[in-house]
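**Student:** Below you'll find the structure I mean.
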Amino acid sequence: MTESVFRLKPGRRLFFFMIAWMASLSSCKQKVGEPQIFQLLDSTQTNINFKNSLSDSDNPGIFNYLYFYNGGGVAIGDINNDGLPDIFFTSNKKGGNKLYLNKGNYQFEDITEKAGVAGDADWCTGVTMADVNNDGYLDIYVCCVSGKLGFKGHNMLYINNHDGTFTEESAKYGLDFAGFSTQAAFFDYNHDGKLDCFLLNQSHHTVDTYGDTSLRRKINKQAGSKLFLNDNGHFVDVTLKAGIYSSALGYGLGIAIGDLNNDGWDDIYEGNDFHENDYYYINNHDGTFTESGAKHFNHYSRFSMGNDIADFNNDGQLDVVTADMLPDDEALLKTYIGDESYDQYKVKILDGGFQYQYSRNCLQKNLGDGEAFSDVGLMDGVAATDWSWSPLLADYDNDGIKDLFVANGIKRRPTDMDFISFISNISVQGSLQSGHGMDNLAINQMPSGVSHNYIFKGTKSEKFIDKSAAWGFRDTMLSNGAAYADLNNDGNLDLVTNNLNHTACIYKNVSKGSHYLSLKFNGTRDNRFGIGAKAYVFSGKQMQYEELMLTRGFQSSVEPKLHFGLGSSTLIDSLLVIWPDQTYQVMHKLQGDQLLTIDQKNANGHFVHNQFFPTVKPVFKDITSDIHLNWKHKEDDFVDFNQQPLIPHMLSEEGPRIAVADVNHEGWTTFIFAEPKGSPAHCLSKRLTVNLKSPFNLILLPMQSPKM
Numbered sequence: 000m001t002e003s004v005f006r007l008k009p010g011r012r013l014f015f016f017m018i019a020w021m022a023s024l025s026s027c028k029q030k031v032g033e034p035q036i037f038q039l040l041d042s043t044q045t046n047i048n049f050k051n052s053l054s055d056s057d058n059p060g061i062f063n064y065l066y067f068y069n070g071g072g073v074a075i076g077d078i079n080n081d082g083l084p085d086i087f088f089t090s091n092k093k094g095g096n097k098l099y100l101n102k103g104n105y106q107f108e109d110i111t112e113k114a115g116v117a118g119d120a121d122w123c124t125g126v127t128m129a130d131v132n133n134d135g136y137l138d139i140y141v142c143c144v145s146g147k148l149g150f151k152g153h154n155m156l157y158i159n160n161h162d163g164t165f166t167e168e169s170a171k172y173g174l175d176f177a178g179f180s181t182q183a184a185f186f187d188y189n190h191d192g193k194l195d196c197f198l199l200n201q202s203h204h205t206v207d208t209y210g211d212t213s214l215r216r217k218i219n220k221q222a223g224s225k226l227f228l229n230d231n232g233h234f235v236d237v238t239l240k241a242g243i244y245s246s247a248l249g250y251g252l253g254i255a256i257g258d259l260n261n262d263g264w265d266d267i268y269e270g271n272d273f274h275e276n277d278y279y280y281i282n283n284h285d286g287t288f289t290e291s292g293a294k295h296f297n298h299y300s301r302f303s304m305g306n307d308i309a310d311f312n313n314d315g316q317l318d319v320v321t322a323d324m325l326p327d328d329e330a331l332l333k334t335y336i337g338d339e340s341y342d343q344y345k346v347k348i349l350d351g352g353f354q355y356q357y358s359r360n361c362l363q364k365n366l367g368d369g370e371a372f373s374d375v376g377l378m379d380g381v382a383a384t385d386w387s388w389s390p391l392l393a394d395y396d397n398d399g400i401k402d403l404f405v406a407n408g409i410k411r412r413p414t415d416m417d418f419i420s421f422i423s424n425i426s427v428q429g430s431l432q433s434g435h436g437m438d439n440l441a442i443n444q445m446p447s448g449v450s451h452n453y454i455f456k457g458t459k460s461e462k463f464i465d466k467s468a469a470w471g472f473r474d475t476m477l478s479n480g481a482a483y484a485d486l487n488n489d490g491n492l493d494l495v496t497n498n499l500n501h502t503a504c505i506y507k508n509v510s511k512g513s514h515y516l517s518l519k520f521n522g523t524r525d526n527r528f529g530i531g532a533k534a535y536v537f538s539g540k541q542m543q544y545e546e547l548m549l550t551r552g553f554q555s556s557v558e559p560k561l562h563f564g565l566g567s568s569t570l571i572d573s574l575l576v577i578w579p580d581q582t583y584q585v586m587h588k589l590q591g592d593q594l595l596t597i598d599q600k601n602a603n604g605h606f607v608h609n610q611f612f613p614t615v616k617p618v619f620k621d622i623t624s625d626i627h628l629n630w631k632h633k634e635d636d637f638v639d640f641n642q643q644p645l646i647p648h649m650l651s652e653e654g655p656r657i658a659v660a661d662v663n664h665e666g667w668t669t670f671i672f673a674e675p676k677g678s679p680a681h682c683l684s685k686r687l688t689v690n691l692k693s694p695f696n697l698i699l700l701p702m703q704s705p706k707m
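This is the structure in structure tokens:
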């Protein structure tokens, strides 16, 4: 501000300051303001009034059924082939499922009664749309929980009759499983052209779920996940033959399919809740799988719920995101407690054979060598989104980089420390077990876990930016299942959520200015929607990659299309499509802003993955055995958390330190290892190994603990 302003008369000076202040406000608004991408549509506009309603006083409740608040799923797909995607919601109440027909302009018609898909299972969970009988029309497969707590029913397969009605034929097709199902995924795992089915099942607390990893081999008919082979239209259980674990140890809450090692064959990633690790099944190309998580992942989410597989950083490699329930709010974080002590955790790792787990979202970045994944969730800013269910990686702003949506919220927080303290009281425990009316009082001691949904903008740096409020997700609710689709064919991905005790949400994508390319597929008569097809879009200096898999997030499935944002570009340099049978086709100079149909009859040749994606050569070579380095650090057995339970990490395990130097100036490399208190440092060179009475005063470089 110039000096002359202060020479003005007081009245004029005040007027000037007011103008300047108003201008600064306007300037600030222009700088910080940005267009809202999603608009929550009112149910009076959409005619969607579905609500998955549960009460704390329902029986069975949270004290009887661990997953009482897990909610329902949503599936999106065009059931009548009119070009508009329709929506199916599952309910946790018998006969409460809903099917809505898309009439255009975000208006829907409830056709549940006419279609005959309300369902007669007592407790429905996940839902998937897929063309199970290969007639060119999407069918609907609904999972349910039965066989415990009085729940009755079986999984239901609704075959599309092409006239707006469906016929339940799960028994005919061999998919009438009755047990603890969460979700199903349809894909062609053996390359015979037909869609097979992986059925993800939950578990429940019994003695069979405690112990070491040897229990993975103990079969449980109701809790263990299943793999079904499509044998000429009938699904046959090949779980054991195919190498799939089917025990009560697996609390399956998330299932994702994709070619994670880029060998042309689809692999399986199963997310497990509680003490069991997630499973990573590598396809062996012979109808079998090998669970190989320990070889490829350093750790997992502790309470793995929903998950998704997609190439988030545009390097041509599929990555994995898993949802957990770490709060991002400091006050909530300090009241959050897990279900085991550190000593129990250590025994589980050392004696039980389990891998490391951390209660946070994991973003497992594929390092491209066919072997390793690295969790970058903390580094990239998506590790903490509170009690999360459905993560969905997709390009919601059409800038050519995938964003991350996370459906969020829990009706009650059973992990709250104050509640744990209350429920641990001996008299309270006695009243609960004797049924003396303590349930309502105990439930009221559980704080609410209502939260807003999260959405993060992806960037070229691979960091994610929280845009939840800016993009239209300010309202707090309890969202479980979620799916994305272009509901009005305008080139923007909309979002649909299934909420607990709140009307289902339709979020209209109102973003403008960026371009897109959408793909749909005409496959063979055994896989007409081309499930498993891969597409690589090259535009300018950027490549994007997606694989068509419908089951995503939590208990939900998306429409059978692929969507690519193009940013400011309207031209695609080239498009490579690889079909599930490994035939391929290449198209050049395509216009953006269109829905392009790809026909498999135009494909030929055989795509060789290891030529297009050469194995990344390692930068380092392990020569430990070559130099005979047999030293192993042994830390003092001390648990800091027993004295200070709120510290973020154990200070006693910040070591070991290591320094490298030519100690005797003879050209030999010497390693100096720090040891715990009371132990001498250790020195090793190529010529001799000696114990030093006192450590050298050298620069010690901190080595990250292998546990992290």
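Read in order, the letters of the sequence shown correspond to residues 0 to 707 in numbering that gives the first Met the number 0. Every residue gets a Cβ at the ideal spot worked out from N, C-alpha and C, and that includes glycine.
Which word fits residue 165, buried or exposed, when buried means at least 16 other C-beta atoms lie within 10 angstroms of its C-beta?
**Tutor:** Residue 165 should be labelled buried.
**Student:** Mind the definition here: the stretch 451–458 touches the stretch 522–531 only if three or more C-beta pairs lie below 8 angstroms; say whether that holds.
**Tutor:** Contact between the stretch 451–458 and the stretch 522–531 is absent, because fewer than three Cβ pairs lie under 8 angstroms.
**Student:** Taking 8 angstroms as the limit between beta carbons, can you name the residues of its chain near residue 463, skipping five residues before and five after?
**Tutor:** Around residue 463: 379, 380, 381, 402, 403, 455, 456, 457.
**Student:** Using only CA atoms, which one of 285, 250, 254 lies nearest to residue 263?
**Tutor:** If we check each option's Cα against that of residue 263, 285 comes out closest.
**Student:** Ignoring anything shorter than 3 residues or poking outside the stretch 405–468, list the beta strand (DSSP E) runs there in chain order.
**Tutor:** Here the runs fully enclosed are 409–411, 453–457, 463–465.
**Student:** Report yes or no: do the stretch 502–515 and the stretch 361–369 share at least 3 C-beta pairs separated by less than 8 angstroms?
**Tutor:** Because the criterion of three Cβ pairs below 8 angstroms is not met, the stretch 502–515 and the stretch 361–369 do not touch.
**Student:** Can at least three beta-carbon pairs, one atom from the stretch 184–196 and one from the stretch 227–237, be found at a separation below 8 angstroms?
**Tutor:** Yes, the stretch 184–196 touches the stretch 227–237.
**Student:** Pop quiz: residue 223 and residue 247 are said to be a contact at Cβ under 8 angstroms. What is the actual Cβ separation, rounded to whole angstroms?
**Tutor:** Right, their Cβ atoms sit about 7 angstroms apart.
**Student:** Have a look at 590, 584, 669, 276 and flag the residue whose alpha-carbon is nearest the alpha-carbon of residue 626.
**Tutor:** Cα-wise, what sits closest to residue 626 is 669.
**Student:** Can you check which of these residues, 195, 261, 157, 475, is closest to residue 448 by C-alpha distance?
**Tutor:** Nearest C-alpha to residue 448: 475.
**Student:** Mind checking residue 505: buried by the 16 CB within 10 Å criterion, or exposed?
**Tutor:** Its Cβ being crowded by 16 or more others within 10 Å, residue 505 is buried.
**Student:** Can residue 307 and residue 391 be called in contact, C-beta distance under 8 angstroms?
**Tutor:** Yes, they are a contact pair.
**Student:** Out of curiosity, what's the CA-to-CA distance linking residue 500 and residue 119?
**Tutor:** Roughly 21 angstroms separates the two Cα atoms.
**Student:** Can you tell me whether residue 641 is helix, strand or coil according to DSSP?
**Tutor:** If DSSP states are grouped into helix, strand and coil, residue 641 belongs with the helices.
**Student:** Grab me the residues of residue 106's own chain with a C-beta within less than 8 angstroms of its C-beta, minus the 5 sequence neighbours each way, in chain order.
**Tutor:** Counting only Cβ-Cβ distances below 8 angstroms, and skipping sequence neighbours, we find 44, 45, 46.
**Student:** Nearest-angstrom Cα distance between residue 109 and residue 73?
**Tutor:** For residue 109 and residue 73, the distance between alpha carbons rounds to 15 angstroms.
**Student:** Between 126, 115, 137, which lies nearest to residue 143 when the distance is taken from Cα to Cα?
**Tutor:** Cα-wise, what sits closest to residue 143 is 126.
**Student:** Going by DSSP, which residues form a beta bridge with residue 99?
**Tutor:** 86, 109, per the DSSP bridge assignment.
**Student:** Is it the case that the Cβ atoms of residue 176 and residue 113 are separated by a distance below 8 angstroms?
**Tutor:** For residue 176 and residue 113, no; Cβs fall outside 8 angstroms.
**Student:** Can you find the residues in the same chain that come closer than 6 angstroms, C-beta to C-beta, to residue 545, ignoring five residues on each side of it along the sequence?
**Tutor:** So the list reads 534, 561, once near-sequence residues are dropped.
**Student:** Taking the alpha carbon of residue 260 as the reference point, which residue from 372, 503, 409, 338 has its own alpha carbon closest?
**Tutor:** Residue 372 is the option with its Cα nearest to residue 260.
**Student:** Buried or exposed for residue 349, please, with buried defined as at least 16 other CB atoms from any protein chain shown within 10 angstroms of its CB.
**Tutor:** So residue 349 ends up on the exposed side.
**Student:** With burial defined as no fewer than 16 other Cβ atoms inside 10 Å of the residue's Cβ, what is the status of residue 253: buried or exposed?
**Tutor:** By the 10 Å Cβ count, residue 253 comes out buried.
**Student:** Which of the three DSSP states is assigned to residue 114 in this structure?
**Tutor:** Of the three classes helix, strand and coil, the one that applies to residue 114 here is helix, per DSSP.
**Student:** State the CB to CB distance for the pair residue 396 and residue 490, rounded to an integer number of angstroms; the pair is presumed to be in contact (CB under 8 angstroms).
**Tutor:** With 8 angstroms as the limit, residue 396 and residue 490 do not qualify as a contact, their Cβ atoms being about 12 angstroms apart.
**Student:** Can you give the Cα-Cα distance for residue 115 and residue 420, rounded to whole angstroms?
**Tutor:** Distance between the alpha carbons of residue 115 and residue 420: 48 angstroms.
**Student:** Alpha carbons only, please: which of 161, 460, 180 is nearest the one belonging to residue 134?
**Tutor:** For the residues 161, 460, 180, the minimum Cα distance to residue 134 belongs to 161.
**Student:** Go to residue 334, then tell me how far its alpha helix (DSSP H) extends in each direction, as first and last residue.
**Tutor:** 329–334 is the extent of the alpha helix (DSSP H) around residue 334.
**Student:** Under 8 angstroms between the Cβ atoms of residue 709 and residue 497?
**Tutor:** Past the edges of the chain, shown from 0 to 707, lies residue 709, and the structure says nothing about it.
**Student:** Specify the secondary structure class of residue 346 as computed by DSSP and reduced to three states.
**Tutor:** Residue state, collapsed to three classes: helix.
**Student:** Give the DSSP-derived three-state secondary structure of residue 552 in the structure shown.
**Tutor:** Three-state result, residue 552: strand.
**Student:** For residue 534, which of helix, strand or coil comes out of DSSP?
**Tutor:** Of the three classes helix, strand and coil, the one that applies to residue 534 here is strand, per DSSP.
**Student:** When the distance is taken between beta carbons, is residue 595 closer than 8 angstroms to residue 538?
**Tutor:** Not in contact: residue 538 and residue 595 (Cβ atoms no closer than 8 angstroms).
**Student:** Can you tell me the Cα-Cα spacing of residue 487 and residue 650, whole angstroms?
**Tutor:** When rounded, the distance between both Cα atoms is 55 angstroms.
**Student:** What is the DSSP secondary structure of residue 600, reduced to helix, strand or coil?
**Tutor:** It is helical.
**Student:** Three-state secondary structure (DSSP) at residue 341?
**Tutor:** Residue state, collapsed to three classes: helix.
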